[in-house]
Each structure stands twice: as structure tokens, then as C-alpha cells.
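For reference, each letter of the sequence shown is one residue, going 1 to 527 in the UniProt record's numbering.
Glycine residues also receive a C-beta, built at the ideal position from the N, C-alpha and C atoms.
Here is the structure we will look at, set down as C-alpha cells.
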Amino acid sequence: MNERITQYRDRMLGYWNQFGKKQKTFIIATVTFALLAIILLTIQFSKTEYDVAFTGLDSTDAAGIINYLESGGVPYKLGPDGSTISVPSKDAARVKVDVGSQGIVQNGSIGLEAFNESSSLIGMTDNEFSVKYKTAINGEVEKLLKRMQGINDAKVLLNLPTENVFASPEDQEKASASIVLSFKPGYRPNQEAVDGYFNLVKTSVPNLPVENISLSSSDDTVLLPSGQGGATGSLTTAVQENMALQKKFESDVRQSVKQFLSRLTGPDKIEVLVASKLNFDQVSQKDNLVTPVDTENMKGIEISAQKVQKSYTGAASPSSGVPGTGEEDVVNYPSAETNGGSSSEESSSTINYEVNRITKDIIASPYVIKDLTINVAVEPPVGQDTLDENTQAAIENILKNIVGSYLADSGTTYTDEDLQRKVSVLSQPFHSDATQTSGLSLSSPLVWGVGGAALLALAGLGIVLFRRRKQTTEEEEELALPLTPEFPSINLDTVTNENQVRKQLETLAKKKPDEFVNLLRTWLADE
Numbered sequence: 001m002n003e004r005i006t007q008y009r010d011r012m013l014g015y016w017n018q019f020g021k022k023q024k025t026f027i028i029a030t031v032t033f034a035l036l037a038i039i040l041l042t043i044q045f046s047k048t049e050y051d052v053a054f055t056g057l058d059s060t061d062a063a064g065i066i067n068y069l070e071s072g073g074v075p076y077k078l079g080p081d082g083s084t085i086s087v088p089s090k091d092a093a094r095v096k097v098d099v100g101s102q103g104i105v106q107n108g109s110i111g112l113e114a115f116n117e118s119s120s121l122i123g124m125t126d127n128e129f130s131v132k133y134k135t136a137i138n139g140e141v142e143k144l145l146k147r148m149q150g151i152n153d154a155k156v157l158l159n160l161p162t163e164n165v166f167a168s169p170e171d172q173e174k175a176s177a178s179i180v181l182s183f184k185p186g187y188r189p190n191q192e193a194v195d196g197y198f199n200l201v202k203t204s205v206p207n208l209p210v211e212n213i214s215l216s217s218s219d220d221t222v223l224l225p226s227g228q229g230g231a232t233g234s235l236t237t238a239v240q241e242n243m244a245l246q247k248k249f250e251s252d253v254r255q256s257v258k259q260f261l262s263r264l265t266g267p268d269k270i271e272v273l274v275a276s277k278l279n280f281d282q283v284s285q286k287d288n289l290v291t292p293v294d295t296e297n298m299k300g301i302e303i304s305a306q307k308v309q310k311s312y313t314g315a316a317s318p319s320s321g322v323p324g325t326g327e328e329d330v331v332n333y334p335s336a337e338t339n340g341g342s343s344s345e346e347s348s349s350t351i352n353y354e355v356n357r358i359t360k361d362i363i364a365s366p367y368v369i370k371d372l373t374i375n376v377a378v379e380p381p382v383g384q385d386t387l388d389e390n391t392q393a394a395i396e397n398i399l400k401n402i403v404g405s406y407l408a409d410s411g412t413t414y415t416d417e418d419l420q421r422k423v424s425v426l427s428q429p430f431h432s433d434a435t436q437t438s439g440l441s442l443s444s445p446l447v448w449g450v451g452g453a454a455l456l457a458l459a460g461l462g463i464v465l466f467r468r469r470k471q472t473t474e475e476e477e478e479l480a481l482p483l484t485p486e487f488p489s490i491n492l493d494t495v496t497n498e499n500q501v502r503k504q505l506e507t508l509a510k511k512k513p514d515e516f517v518n519l520l521r522t523w524l525a526d527e
């Protein structure tokens with residue numbers, strides 16, 4: 001066994017010594033690089049990837065989940081803060097479902113499941129039931145609040161008075177609630193969200209009016225419903241909506257300008273900055289107008305007409321006349337009798353006209369564009385430091401037309417010089433540094449690059465060895481000297497029987513035909 005090992009070692013040393021110094025260095029470097037690549041790929045493909053399965057856990061929930069994972073033999077990683085647990089990626093979904101079905105995660109709040117706990121054999125006392133009931137209600141309200149958007153944690157303390165069977169519902173003592181909310185970083189609730197918190201608590205607890213709810217945040221900010229402090233909340237909501245509308249308008253203008261100019265400059269070679277000023281004063285106007293149908297004669301349409309004429313003719317009264325008007329008449333006494341006739345005539349006309357009655361309720365747009373500026377940065381073509389004047393002038397004209405169309409209803413007349421000051425075009429090459437992420441992953445180009453380099457190195461090593469071996473074989477064949485064939489010796493002097501000679505020749509011809517032929521050739525040459 002040792003001799004065979006020694007033979008293999010000698011053969012390998014002999015084969016190794018056939019290479020030159022540069023070839024040995026190249027082979028050692030290639031093998032080392034290939035081994036490192038194989039080790040790196042093996043580690044990368046064999047390591048376990050972890051995904052975060054649970055976040056924001058308190059100590060009780062974290063301990064319950066860890067016990068469940070350890071009992072099931074599932075590996076896990078606990079975050080530095082103790083509130084995050086990660087599990088292998090392939091088991092993340094199953095672990096979430098299993099833990100959720102077990103009811104382990106309570107988020108620090110114990111709800112109606114408190115009644116599932118075993119009590120004493122003699123039953124539950126009234127005091128024990130009251131304590132568990134209050135704890136359950138507190139826990140359920142906390143769970144509901146934690147499901148609201150933006151709330152990270154909630155602590156609820158309810159005061160549930162004892163019901164009096166002799167008092168009417170109006171005379172019953174009202175419940176009260178004290179709530180402290182912890183919001184997620186960067187989240188600020190608007191007035192609608194605050195009203196939702198109050199409504200949720202009010203409807204969850206019986207006989208709890210809104211004025212008996214004390215709601216505050218973890219930074220000592222008191223939250224009030226709309227009835228008690230809704231003016232400020234409504235104002236804040238309106239400001240947020242206005243800011244969102246202004247950002248939306250600027251984003252739409254930026255996208256439309258960038259999309260259009262990209263056809264002139266090419267994609268990813270233009271950046272647009274839009275600044276606007278909007279007037280959010282909403283104007284409501286009501287007009288009641290009355291206009292004639294016939295504007296030339298300023299008349300309406302005759303819808304009805306009435307004409308009345310009266311006339312009377314007859315003899316005068318014997319004692320008629322004006323008292324005390326004659327020369328011989330006594331004052332205040334009728335004048336002398338006269339004989340004559342009397343007549344009277346009366347006429348009246350009534351015409352009803354109909355006119356146009358117009359009622360207009362005008363509500364202006366929710367916003368008006370008061371000012372708009374557009375700034376554009378363009379990367380010049382390849383081989384140029386700046387844009388040519390024609391392209392820059394065309395872009396400026398396009399931007400001026402866009403700004404002018406948006407400011408048409410602003411109430412201000414802008415000249416070409418004013419519009420020119422509201423647009424600008426900057427020509428400058430863009431420099432973007434590609435960020436490289438640390439760490440290796442299965443999709444990392446570095447891993448695939450190393451694997452490809454390792455395969456190329458192995459392929460190169462195989463080619464070198466094959467060529468080296470072929471070259472060595474050829475050199476050995478060229479340098480090999482022809483060897484003198486060894487012919488079997490037959491001592492004819494010692495052989496006395498002719499039959500023995502013939503048998504030896506036949507045996508040689510059967511077993512070693514090549515040597516037999518060489519022997520014949522030698523005999524013929526000697527003769």
C-alpha cells in the first residue's frame with residue numbers, strides 16, 4: 001500500500017516538475033481562486049435567510065412567541081430592542097398563521113379571553129367578575145384603538161360605575177375614560193381621525209358621553225373632539241388639504257412638462273422644478289336678474305289686458321249747483337233752480353306684462369393660480385458642453401406658453417418679458433454616482449460574477465493542462481529512440497530432435513507472432 005502511494009506521489013512530482021515557474025504560479029493562483037469562489041458560493045447558498053415576522057412586541061408577547069418557537073424547533077433571531085423576532089424566510093408565513101391561531105400575541109392587552117382562564121372550583125365571586133369585566137373592556141378598547149391608522153400603542157383606563165336599579169337612565173352615573181395614545185413616528189392625526197377615536201370609545205363603552213372621555217398623546221398633547229375644539233382641527237385639516245392640492249398641481253405640471261420635453265432632449269436627460277402660488281378663496285355668488293323680453297321697447301310679454309269705459313247722460317237736479325256762487329245768492333244755500341242736462345264718462349285700462357326672471361348661483365373654482373414658475377435643467381448632447389441656442393430658445397418658448405395658459409385666469413395681464421422671467425433653462429451635464437449596497441445576496445451581480453470567473457478559471461486550467469499534456473506526449477514521441485527488439489533465443493545446439501525445434505517455432509509463432517517474424521528476418525539477413 002505504501003509502495004503504491006509512493007509511486008503515485010513520484011508520478012505527481014514528476015508531472016509537476018514538467019511545468020515552468022510561470023505555469024506553476026498560474027496553476028496555483030487559478031486553483032486558489034477557484035477554491036475561494038466555491039467556498040463563497042457554498043456559504044452564500046447554504047446560509048439561512050431570515051425575515052421579520054413580528055414587530056412592536058412587548059415583553060409578554062415576545063416571551064410567548066419565543067416559547068412557542070423553541071417548543072416547535074423553529075430557529076429565530078431576537079432583535080436588539082427585544083420587540084422584533086425574525087424567522088427563516090421559508091417558515092415566515094406558516095409561523096405567522098400558527099402564532100395568530102394560538103392567540104399568543106395580545107399586544108399587551110387582555111380582552112375577553114380573560115374569562116377563559118380557570119377560576120376557583122367554587123365559582124367566580126362578584127368582585128372577581130367585576131375586575132375581569134373591567135379588564136376585558138379596557139383590553140378590547142385598546143385593541144380597537146391599536147388597529148386605527150397611525151396608532152402605535154394605546155393605554156385605556158375606564159371607570160364603570162355601579163348600576164342603580166332604582167334610578168332612571170337619565171339619573172344613572174355616567175362612565176368615564178382616560179386614554180393615552182402613542183403615535184407612529186412622523187404621524188400627526190387630523191381632526192377627522194381624532195373624532196374617529198372619540199366615536200370608537202363612545203360606542204364601545206355603555207353610558208359613556210363624549211365629554212367624559214379624556215384623550216391625550218404620549219407627548220402631553222390634549223386631543224379634543226370637533227364640538228370642543230373643532231375649529232382649530234378643521235383649520236388644520238383645510239390647510240393640509242390645500243397643501244396636498246398644491247403639491248398635486250405642481251406634480252402634474254412637472255410630469256407633463258418633463259414628458260413633452262423628453263421627446264426633444266431624450267429620456268433621463270431633463271429635470272423640472274415647478275413652484276406655484278394658489279389662491280384657495282372660494283367665492284359664492286347669487287344673482288336675481290329681471291330683464292325685459294323686448295329689449296328694444298323695454299317691454300315684456302302681455303299675458304292679460306282689461307279695459308273699462310263708463311258714460312252717463314241725463315237731466316240736471318232741480319236744486320243743483322254750487323251753494324252761494326250766484327250774484328244774488330245767499331252763502332251756503334243752494335242757488336236758484338235751473339233746467340238743463342248732465343253727462344259723465346269714465347275709462348280705465350289694465351295690462352299685465354311678464355318679464356324674464358333669472359336666478360344664478362355661482363360658486364367659483366376651489367383654487368385659482370396666482371403665480372407659476374418653471375425651472376428646467378437639461379443635459380446637453382454627447383460631445384457638447386451646453387445646448388445650442390435654437391434648442392434652448394425653443395424650450396423657453398414652450399415653457400412661456402405653458403405658464404401663460406395657466407395664468408390666464410389669474411386676473412393679471414402678463415407681458416412677454418414677465419413670462420420670460422418666470423421660466424429658466426439650465427444646461428449642465430448630470431453626474432450620478434451609483435450607490436453600491438454592502439453585503440452579498442443571491443441576486444447580487446458580484447456573486448454571479450465570482451461564479452462566472454471561477455468557471456472560466458477552471459476551464460482555462462483544464463485547457464492549459466490538456467495542452468501541456470499533449471505537448472509533453474508529442475515531445476516524448478519525438479525524442480524517443482527506437483529500441484532494439486529483443487528476440488527470443490533458441491539454442492539449436494542443445495536441441496537434438498527436429499520435432500522439438502519445430503514445436504518451439506510453432507509455439508513462438510502462436511504466442512508471439514511479432515517476435516517470430518523478427519526472428520525469421522534475422523535469419524534471412526544472416527544468410
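Taking the beta strand (DSSP E) that V180 falls in, what are its first and last residues?
-> 176 to 183
Using the Cα positions of T232 and V368, report the straight-line distance between them to the nearest angstrom.
-> Bear in mind that the predicted position of T232 carries a pLDDT of just 47, short of 50, making it unreliable; the figure below should be weighed with that in mind. Rounded to whole angstroms, T232 to V368 spans 25 Å at the Cα level.
Cα-Cα separation between G72 and T84, rounded to whole angstroms = 19 Å
Any idea which residues DSSP pairs T55 with across the strands?
-> DSSP output for T55 lists no bridge partner at all.
How close, in whole Å, do the beta carbons of S86 and V52 come, if the pair is a contact with beta carbons under 8 Å?
-> 5 Å
Coil, strand or helix - E211 by DSSP = In the structure shown, the three-state DSSP call for E211 is helix.
Provide the residue span of the alpha helix (DSSP H) that contains N190, from first to last.
-> That residue, N190, is in no alpha helix (DSSP H); it is neither H nor E in DSSP.
Please state if the CB of K174 and the CB of N279 are separated by a distance shorter than 8 Å.
-> no
Cα-Cα, which of M298, E142, Q246 is closest to V201?
-> E142
T221, enclosing alpha helix (DSSP H) - first and last residue = That residue, T221, is in no alpha helix (DSSP H); it is neither H nor E in DSSP.
Whole-angstrom Cβ separation of K155 and V180, contact assumed at under 8 Å?
-> 5 Å
If you draw a straight line from the C-alpha of I38 to the C-alpha of F26, how long is it?
-> 18 Å
Note down the Cα distance separating D10 from G462, rounded to an integer number of angstroms.
-> 22 Å
Counted within 10 angstroms of its Cβ, other Cβ atoms place I5 as buried (16 or more) or exposed = Taking all protein chains in view, the Cβ of I5 is surrounded by fewer than 16 other Cβ atoms within 10 Å, so the residue is classified as exposed.
Compute the distance between the beta-carbons of I270 and S262, then report whether it is under 8 Å.
-> yes
Please report how far the alpha carbon of K146 lies from the alpha carbon of D153, in whole angstroms.
-> 6 Å
Beta carbon of V210 nearer than 8 Å to that of S216 | Result no, Cβ atoms of V210 and S216 do not sit closer than 8 Å.
If you draw a straight line from the alpha carbon of E506 to that of E3, how long is it in whole angstroms?
-> 40 Å
CB of residue 530 within 8 Å of CB of G150, strictly = Here the chain has residues from 1 to 527 only, and residue 530 is not among them.
Considering only the beta carbon of each residue, do A377 and L419 sit closer than 8 Å?
-> Between A377 and L419, the C-beta gap is not smaller than 8 Å, which leaves the two residues out of contact.
Measuring CA to CA, which of S284, R502, L264, L144 is closest to T391?
-> L264
In its own chain, which residues sit with a C-beta less than 8 Å from the C-beta of Q240, not counting the 5 before and 5 after it?
-> N190
Thinking C-beta only, is K77 closer than 8 Å to Y50?
-> yes
Counting Cβ pairs, one atom from each stretch, are 3 or more of them under 8 Å apart for the segment 345 to 359 and the segment 286 to 302?
-> yes
Is N375 near the ligand ATP, with its Cβ less than 7 Å from a heavy atom?
-> This structure lacks the ligand ATP, and indeed carries no ligand of any kind.
Closer than 8 Å by C-beta to L157: which residues in its own chain qualify, once you throw out the five before and the five after it? Chain order, please.
-> Apart from the 5 residues on each side of it in sequence, L157 sits with its Cβ closer than 8 Å to the Cβ of N138, A177, S178, I179 in its chain, given in chain order.
The beta strand (DSSP E) spanning L273 covers which residue range?
-> For L273, the uninterrupted beta strand (DSSP E) segment begins and ends at 270 to 279.
Please classify P225: is it buried, with 16 or more other beta-carbons within 10 angstroms of its beta-carbon, or exposed?
-> buried
Distance between E140 and P206 (C-alpha atoms, nearest Å) = 13 Å
If I'm right that residue 537 touches S344 with Cβ under 8 Å, what's the distance once you round it to whole angstroms?
-> Since the first residue shown for the chain is 1 and the last is 527, residue 537 is missing from the structure and cannot be characterised.
Which partner residues of R357 appear in the DSSP bridge assignment?
-> Beta-bridge partners of R357 (DSSP): V290.
Could you tell me if V99 is buried or exposed, where buried requires 16 or more neighbouring beta carbons within 10 angstroms of its beta carbon?
-> buried
Residue closest to P381, alpha-carbon to alpha-carbon, out of G404, Q428, N352 = Q428
Taking only the alpha-carbon atoms, compute the straight-line gap between F430 and D61 and give it to the nearest angstrom.
-> 51 Å
Identify whether K77 lies in helix, strand or coil by the three-state DSSP scheme.
-> strand
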